[in-house]
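Notes follow the structure.
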Amino acid sequence: MPRPDHMRATIRVLIVDDSALVRQMLHQALSLDPSIEIVGVARNGVQAVEMARAFDPDVVTLDIEMPELSGLEALPHIRSVSDARVVMLSSADDTDTTYQALALGAVDFLPKPKGRFTMSVGELSEQLIKTIKTAYRVSPDVVAIDKNAIARTMAAIAARAAEPRVSRAASKPGSIESGCEIVVAIAASTGGPPALEKVFRGLESSLAAAVLVVQHLPHGFSASLTRRLSRAGGIDVVEAQEDMALECGRGYLAPHGVHMVVVGQPPDARIAFDAFTPPLHGVRPAADLLFYSVAERFGSQAVGVVLTGMGSDGALGLRAIRDAGGAPIVQDEKTSIVWGMPGSAIKERASNRTISIDAIPAEIRRTVRAKEATRE
2 MPRPDHMRAT IRVLIVDDSA LVRQMLHQAL SLDPSIEIVG VARNGVQAVE
52 MARAFDPDVV TLDIEMPELS GLEALPHIRS VSDARVVMLS SADDTDTTYQ
102 ALALGAVDFL PKPKGRFTMS VGELSEQLIK TIKTAYRVSP DVVAIDKNAI
152 ARTMAAIAAR AAEPRVSRAA SKPGSIESGC EIVVAIAAST GGPPALEKVF
202 RGLESSLAAA VLVVQHLPHG FSASLTRRLS RAGGIDVVEA QEDMALECGR
252 GYLAPHGVHM VVVGQPPDAR IAFDAFTPPL HGVRPAADLL FYSVAERFGS
302 QAVGVVLTGM GSDGALGLRA IRDAGGAPIV QDEKTSIVWG MPGSAIKERA
352 SNRTISIDAI PAEIRRTVRA KEATRE
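Sequence positions in the sequence shown follow this note's numbering and run 2 to 377.
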């Protein structure tokens with residue numbers, strides 16, 4: 002992938018989709034940005050591979066369901082003939098296949114436009130161009146962090162969380178220990194799903210911690226990611242619910258569209274949602290808010306993990322965890338698809354070291370065991 006000092010003046014994009022309408026919409030949307038050059042338009046996977054070899058694109062937008070050669074089948078061939086970064090265009094019905102594509106090396110994905118009237122070209126253009134530019138950059142500029150916005154948002158959520166609640170979401174019966182007093186909070190964005198799978202593959206149900214995850218996802222993709230993470234390793238992963246109790250050896254994925262925080266004191270801490278507070282860093286859920294709440298409620302018994310992703314979400318929250326006596330873990334630049342969030346965490350002095358994605362599961366296990374030992 003081209004590094005910042007080797008970037009071209011324009012980003013060369015290859016569009017691949019079997020729908021003439023979608024190809025037209027993508028072409029119109031990308032044409033609004035003068036820094037993007039459309040070098041080719043392919044109707045199927047076979048053409049995509051040929052054009053990727055011939056036209057040297059920087060980024061390929063790749064449909065999943067296509068004749069002759071599907072997007073999933075074409076992806077490894079494209080990667081073998083080109084250094085282009087691949088962005089998948091997926092419908093909510095293709096979520097499992099989308100995550101397979103990410104595991105095969107696609108950089109990111111976007112919900113596929115369903116038709117001419119589902120969104121304006123301007124709306125599509127904003128999302129698409131941002132994703133393509135993110136895919137093109139190896140080390141994007143660290144986004145400035147609005148510390149006052151985080152404080153205001155945390156105060157609003159805390160006020161709502163303090164309101165009386167009628168019931169608590171039932172915990173899943175079984176052998177999983179309830180009332181967990183150690184928590185691992187994980188933040189991820191671009192490149193996150195395959196990184197999370199590697200992390201969960203290395204964890205076990207005997208882990209003496211609850212694992213809370215904020216992964217920036219479009220609407221309709223969290224249920225599929227939850228299933229994939231559950232299948233990846235020994236930890237059962239569920240889509241988090243309002244007022245759900247935290248259990249050791251279990252993972253909780255924040256749903257799209259709400260901020261997820263922790264309220265109450267361990268071992269009676271629980272999950273709370275806020276759908277009214279605006280997005281922070283342009284996202285909702287925001288990992289910073291989860292991390293701040295974890296730092297406040299769990300203190301030294303918290304572990305914060307920042308994985309690959311664009312932007313700065315999680316950086317200040319991870320520093321709050323560190324300042325409260327918790328343990329920070331940051332993915333290294335070499336194994337990150339985008340080193341925006343981890344790089345921001347290092348810039349904010351949330352940690353003084355980084356770790357490869359392959360070493361992070363063992364680091365989580367070791368850190369949790371050490372914290373468990375201090376409680377005995």
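All C-beta atoms, glycine included, are put in the ideal place defined by N, C-alpha and C.
In chain order, L105, G106 place their CB closer than 8 Å to the CB of P77, counting only its own chain and leaving out the 5 sequence neighbours on each side. In the structure shown, A325 falls within a coil segment according to DSSP collapsed to helix, strand and coil.
Burial check for T375: the Cβ neighbour count within 10 Å stays below 16, so the residue is exposed. Closest in alpha carbon position to V306, among R298, G300, G312, A316, is A316. The Cβ neighbour count for R354, taken over all protein chains shown within 10 Å, is under 16; the residue is labelled exposed.
With contacts defined as CB atoms closer than 8 Å, K134 and I12 qualify as a contacting pair. Annotated three-state conformation of G305 is strand, per DSSP. With distances taken between CA atoms, A270 lies nearest to G180 out of G180, L70, S231. In the structure shown, D64 falls within a strand segment according to DSSP collapsed to helix, strand and coil.
If you draw a straight line from the Cα of S36 to the Cα of I130, it comes to about 10 Å. Judged by beta-carbon spacing, V42 lies within the 8 Å limit of I16, meaning their Cβ atoms are closer than that value. Look at the beta carbons and you see the region 327–337 not touching the region 211–225: under three pairs across the two are nearer than 8 Å. For Q25, no beta strand (DSSP E) encloses it; the enclosing alpha helix (DSSP H) starts and ends at 21–31.
In this structure, L70 sits away from L90, with a CB-CB distance that is not shorter than 8 Å. Taking C-beta atoms as the reference points, A75 and A49 count as a pair closer than 8 Å. If you ignore the 5 residues before and after T368, its C-beta comes within less than 6 Å of the C-beta of V304, A328, all in its own chain and listed in chain order.
Pairing S83 with T191, the inter-Cα distance amounts to about 21 Å. Residue pairing from DSSP leaves H282 without any beta-bridge partner.
For I361, the uninterrupted alpha helix (DSSP H) segment begins and ends at 361–376.
Spatial neighbours of V263 in its own chain (CB-CB distance under 6 Å, excluding positions within 5 residues in sequence) are listed in chain order as A270, S294, V295, R298. The three-state reading of DSSP puts S92 in coil, since its state is none of H, G, I, E or B.
Proximity to S223 across P256, G252, V212, L204 peaks at P256, based on C-alpha coordinates.
Nearest C-alpha to A321 among V60, A186, S126: A186. By DSSP's assignment, V212 forms a beta bridge with V185, G252. Excluding the 5 residues flanking it on each side, A136 has same chain C-beta neighbours closer than 7 Å at V60, R86, V88, V108, D109, in chain order. Of the candidates G193, D64, M52, S126, the residue whose Cα lies closest to the Cα of I338 is G193. The three-state secondary structure of H78, taken from DSSP, is helix. The beta carbon of G72 lies closer than 6 Å to those of L63, D64, I65 in the same chain, with the five residues before and after it left out.
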